[in-house]
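Presented below is the structure to which this report refers.
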Amino acid sequence: MTQTSSTTPSKSPTSRAAELADALSTPAADVVPHPALDQAVEADGAARRGLDPLVFGTAAAVSIAFVVWGLLSTTSLGTASGKALEWVMTNTGWLFVLTSSGFVVFVIWLAMSKYGTIPLGRDDEEPEFRTTSWIAMMFSAGMGIGLMFYGVSEPLSHFVTPPPGTGGDPDAAAQTAMATTMFHWTLHPWAIYAVVGLAIAYGVYRKGRVQLISAAFAPLLGKRASGGAGKVIDMFAIFATLFGSATSLGLGALQISSGLEIVGDVGPLGNGALVVIITVLTVAFVLSAVSGVAKGIQWLSNINMVLALVLALFLFVVGPTVFILNLVPTSLGSYVQDLAMMAARTGAEGADTEAWLGGWTVFYWAWWLSWTPFVGMFIARISRGRTIRQFVTGVLLVPSVVSVIWFCILGGTAIDLQRDGTDIADAGGLEAQLFGTLDALPLATLASILVMLLVAIFFVSGADAASIVMGSLSERGTTEPRRAVVIFWGVATGAVAAVMLLAGGEDALTGLQTITIVAALPFVLIMIGLAASLVRELRHDPMVVRRKYGEEAVEQAVITGVTEHGDDFVLSIEPVDPEPEAEPEAEPEPGLEPERVT
34 MTQTSSTTPS KSPTSRAAEL ADALSTPAAD VVPHPALDQA VEADGAARRG
84 LDPLVFGTAA AVSIAFVVWG LLSTTSLGTA SGKALEWVMT NTGWLFVLTS
134 SGFVVFVIWL AMSKYGTIPL GRDDEEPEFR TTSWIAMMFS AGMGIGLMFY
184 GVSEPLSHFV TPPPGTGGDP DAAAQTAMAT TMFHWTLHPW AIYAVVGLAI
234 AYGVYRKGRV QLISAAFAPL LGKRASGGAG KVIDMFAIFA TLFGSATSLG
284 LGALQISSGL EIVGDVGPLG NGALVVIITV LTVAFVLSAV SGVAKGIQWL
334 SNINMVLALV LALFLFVVGP TVFILNLVPT SLGSYVQDLA MMAARTGAEG
384 ADTEAWLGGW TVFYWAWWLS WTPFVGMFIA RISRGRTIRQ FVTGVLLVPS
434 VVSVIWFCIL GGTAIDLQRD GTDIADAGGL EAQLFGTLDA LPLATLASIL
484 VMLLVAIFFV SGADAASIVM GSLSERGTTE PRRAVVIFWG VATGAVAAVM
534 LLAGGEDALT GLQTITIVAA LPFVLIMIGL AASLVRELRH DPMVVRRKYG
584 EEAVEQAVIT GVTEHGDDFV LSIEPVDPEP EAEPEAEPEP GLEPERVT
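So the mapping is simple: my numbering equals the position in the sequence shown, first residue as 1, plus 33.
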């Protein structure tokens with residue numbers, strides 16, 4: 034049996050490919066778009082500009098109330114947050130543990146599945162940035178205050194005080210320490226960021242939505258995504274970003290204060306000094322956020338990357354070079370070997386484990402969740418035109434490689450010094466351990482000044498973007514929020530950071546960790562809904578629909594061939610002579626070849 038239809042004469046492969054791409058695009062405006070066709074999208078922004086009074090007003094009121102509470106009664110805030118942390122860890126610690134690992138599995142599944150070839154843009158759209166530039170920007174996203182604060186302190190802490198259920202000789206303790214650090218800083222955090230980045234990039238560049246977390250819920254909530262339910266989601270996104278940024282500011286203030294004590298040879302600086310440092314950093318990043326000097330901020334960011342590289346190379350050369358090189362494969366191997374055990378660790382193992390999780394693993398998952406609106410929007414912005422598979426591969430691997438190298442250099446140097454008798458772990462708090470490591474090496478003062486400069490610029494170049502993101506969420510997704518809104522959220526970030534530090538009392542870091550975990554709890558549920566919404570929409574993507582139609586068409590052709598000819602048939606696509614008497618409506622779409630079953 035032969036199935037034919039008239040067609041135009043055969044053309045060159047290039048011409049046919051171009052016509053096929055046109056055929057797969059949405060036809061004329063008076064034709065109803067077919068779900069199998071790639072449709073042109075237009076940004077949904079004209080009718081949604083301006084301040085959202087409900088989102089901004091509610092979020093601002095809650096933020097102000099939190100600051101006032103902390104200023105008027107720091108003790109009661111600390112007590113309340115401590116009780117809230119106890120409840121969260123007891124009743125929902127498992128949720129943080131399960132969802133973080135679930136997101137790793139989820140994004141890897143997306144990349145390896147049939148959805149992996151779907152582009153974050155039009156079908157024929159090329160990536161906006163070259164691969165080398167894209168990787169470089171991804172690299173910059175992987176650096177920040179966290180790597181400066183915990184680069185030495187986390188591996189060293191796990192080496193001196195191994196996680197619950199571990200231990201052994203110093204060599205085994207070093208492997209466990211590095212494996213635990215890799216667990217907190219590689220695949221898991223970036224999988225969390227990838228979920229938000231994918232949802233935003235797909236919605237904005239393939240569906241034409243605004244850059245709001247709530248807009249990504251359209252497949253699940255329909256019109257309610259732009260109504261009351263969507264506004265609640267955006268409020269929680271603002272809260273998450275606010276407390277995540279405040280935590281980073283607090284860590285930066287702690288580390289700069291410690292550096293001033295060591296470099297300036299002054300006595301312990303109290304909470305007053307921390308407030309002054311926070312005020313200076315807040316003024317700096319607010320000015321950078323509203324000045325409009327984007328090139329200047331980009332220049333500062335690039336300089337900071339160079340300074341971070343200089344610091345890493347300095348420690349690599351003057352530190353235990355061979356030990357660091359050996360530590361890289363050993364750390365990776367221990368990480369892979371212990372991954373299942375670390376991912377399954379919960380409060381069910383006892384009170385000691387639950388307390389340890391609150392200070393490390395669960396705190397990290399909460400902190401990463403709070404940064405997802407900002408980091409997710411950033412990686413979405415630079416990934417237009419990439420496929421889902423390319424996106425997931427780049428987001429998971431590039432920052433993870435940076436983290437492995439960074440922690441092996443800084444953490445390896447500190448562990449080696451500790452093993453050789455230099456007591457860095459007991460020289461001060463976590464914020465002082467990097468300076469303690471540098472003090473045991475040449476050029477300690479110069480390196481310490483470099484660290485403080487790095488911390489300050491890292492925060493300024495990142496927090497200004499976070500305040501702009503909060504402004505964007507307050508103004509219905511605009512990419513250029515008004516200055517007054519950006520200034521408000523910048524000042525609020527500084528005030529919240531000061532209150533969080535004061536709520537911790539003598540242990541300021543505990544105050545940061547406690548409130549971060551409590552504030553991030555609602556966003557865990559939002560992230561789960563975001564993943565479900567993304568999958569629901571991907572199932573109806575034009576590329577998926579076309580693949581389904583193609584499989585069904587081939588299946589029917591095979592059935593027809595077997596029915597008519599048994600095993601003696603082939604499927605072929607070849608041009609045929611046009612039929613003079615053919616009806617106009619029977620003509621195929623230009624550029625498509627007929628299918629013949631013989």
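Glycine included, C-beta positions come from ideal geometry on N, C-alpha and C. Since the structure is predicted, the reported quantities are computational estimates derived from the model, not experimental observations.
Kindly indicate the opening and closing residues of the alpha helix (DSSP H) around Ile97. Pro86 to Leu105
Quick one: what's got a C-beta closer than 6 Å to Thr512's C-beta in the same chain, skipping five residues either side? none
Is Ile606 helix, strand or coil when you go by DSSP? strand
Following the continuous alpha helix (DSSP H) through Thr470, name the residue where it begins and the one where it ends. Gln466 to Asp472
Which whole-angstrom value describes the C-beta separation of Ser321 and Glu464, a residue pair presumed to lie in contact below a C-beta threshold of 8 Å? The pair is not a contact, with the Cβ atoms about 24 Å apart (cut-off 8 Å).
Does the ligand GTP have a heavy atom nearer than 7 Å to the CB of Ala286? Looking at this structure, you won't find the ligand GTP or any other ligand, since it has none at all.
Considering only their Cβ atoms, is the gap separating Pro188 from Ala460 smaller than 8 Å? no
For a quick check, are the C-beta atoms of Gly277 and Ile178 less than 8 Å apart? no
Please say whether Ala249 and Val425 have beta carbons closer to each other than 8 Å? no
Unbroken alpha helix (DSSP H) run spanning Pro188, endpoints: Ile178 to Val193
Inter-residue Cα distance where the pair is Pro68 and Arg579: 8 Å
Quick one: measure Cβ to Cβ for Pro633 and Ala273, integer angstroms, because I've assumed they're closer than 8 Å. The structure shown does not extend to residue 633, since the chain spans only 34 to 631, so no value can be given for it.
Residues of its chain near Val587, where Cβ-Cβ distance is below 8 Å and the 5 sequence neighbours each way are ignored: Leu604
Within 8 Å, do at least three Cβ pairs link the stretch 408-422 to the stretch 135-153? yes
Residue closest to Leu282, alpha-carbon to alpha-carbon, out of Val502, Gly562, Arg515 and Ile490: Ile490
Local conformation of Thr420 per DSSP, three classes: strand
For Pro152, which beta-bridge partners are listed by DSSP? Thr420
Determine the direct distance from the alpha carbon of Glu585 to that of Thr35, and round the result to whole angstroms. Residue placement at Thr35 is poorly supported in this model, since its pLDDT is 39, which falls under 50; the coordinates are not used for a value here.
Using only the alpha-carbon positions, how far apart do Pro514 and Gly90 sit? 15 Å
Would you kindly report the start and end of the unbroken alpha helix (DSSP H) that includes Phe356? Thr354 to Ala376
Determine, using beta carbons only, whether Val140 and Ala206 come nearer to each other than 8 Å. no
Considering only residues of the same chain and omitting the five flanking positions on each side of Asp85, which have a CB-CB separation below 8 Å? Lys264, Asp267, Ser507, Glu508 and Arg509
Every unbroken alpha helix (DSSP H) inside the stretch 106-164 [4 residues or more]: 107-145
Based on Cα-Cα distance, which residue from Pro222, Phe347 and Leu253 lies nearest to Val138? Pro222
Inter-residue spacing [alpha-carbon to alpha-carbon] between Gln589 and Phe602: 14 Å
What residues in its chain sit with their C-beta under 7 Å from that of Phe192, if we drop five residues either side in the sequence? Ala206, Ala207, Ala210, Ile448 and Gln451
Could you pull the start and end residues of the alpha helix (DSSP H) that Lys264 belongs to? Gly261 to Val296
Give the secondary structure of Val326 by DSSP, where H, G and I count as helix, E and B as strand, and everything else as coil. In this prediction, Val326 has a pLDDT of 47, which is less than 50 and means its spatial position is unreliable; what the coordinates show is noted afterwards. Three-state DSSP puts Val326 in coil, outside helix and strand.
If we ignore side chains and look at the alpha-carbon of each, how far apart do Val408 and Gly230 end up? 8 Å
Please return the same chain residues whose Cβ sits closer than 7 Å to the Cβ of Ile501, not counting the five positions on each side in sequence. Ala322, Pro514 and Val519
Considering just the uninterrupted stretch of the alpha helix (DSSP H) at His67, what are its terminal residues? Note, His67: premise wrong, no alpha helix (DSSP H); not H, not E.
Between Phe468 and Ile311, what straight-line distance do the alpha-carbon atoms span, to the nearest angstrom? 20 Å
How should Val666 be labelled, buried or exposed, when 16 other C-beta atoms within 10 angstroms of its C-beta is the threshold for buried? Here the chain has residues from 34 to 631 only, and residue 666 is not among them.
Measure the CB-CB distance between Phe521 and Gly445 and report whether it falls below 8 Å. no
With H, G and I counted as helix, E and B as strand and the rest as coil, what does DSSP make of Leu340? helix
What is the DSSP secondary structure of Trp393, reduced to helix, strand or coil? coil
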